[in-house]
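Asks: The number in my numbering is simply the position in the sequence shown, starting from 1, with 35 added. Using N, Cα and C, we set each Cβ at its ideal position, and we do this for glycine too. In this text the structure is predicted, and so the values were computed from the model without any measurement.
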Amino acid sequence: MARRILIVDDSGFQRTLIRGILEDDFEVVGEAENGSEAVELFEETRPDLVTMDIMMPEVNGIEATSDIKERDPGTCVVMCTSVEQRDQMKQAVKAGADGYVTKPVEEDTLRSEVESALAS
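Right, here's the structure in full:
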């Protein structure tokens, strides 16, 4: 059975990019464009892993990660962030993030980080 992934990013381009990289090896169970939608979709789909942008409208990725980890500590979360967001990345780790990749997302890096998060 394919592992299930939820993609969260306020950029449709980034969601499409991440989907294109992962959909051959994983079942993409949904996409969300903000943290509020992410938590709702998480509750509906219960994925094995969430790729999470940090800077988003309504609820940011750090808050959404914390909420998801409270609901299910076993769910892996890999943050997708720009290099300028290093301080926020530290906050994301405190919120429970299992890994991160920097934008622009590179295929090999994302695959490696996702596999690493799921293996731990």
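(1) Could you please give me the residues that DSSP links to residue 124 through a beta bridge?
(2) Out of curiosity, what's the CA-to-CA distance linking residue 61 and residue 153?
(3) Which partner residues does residue 62 have in the DSSP bridge list?
(4) Measure the Cβ-Cβ separation of residue 64 and residue 82 and say whether it is below 9 Å.
(5) Mapping the DSSP letters down to three states, classify residue 67 as helix, strand or coil.
(6) When you compare only the Cα positions, how much space is there between residue 133 and residue 111?
(7) Could you check if residue 48 is buried or exposed, using at least 16 other CB atoms within 10 Å of its CB as the buried criterion?
(8) I think residue 91 touches residue 100, with their Cβ atoms under 8 Å apart; what is that distance to the nearest whole Å?
(9) Tell me residue 129's beta-bridge partners as DSSP assigns them.
(10) Taking 9 Å as the cut-off, decide whether the C-beta atoms of residue 142 and residue 56 are in contact.
Replies: According to the data block:
(1) Residue 124 is not bridged to any residue.
(2) 12 Å
(3) 39
(4) yes
(5) strand
(6) 6 Å
(7) exposed
(8) 11 Å between Cβ atoms; not a contact.
(9) DSSP output for residue 129 lists no bridge partner at all.
(10) yes
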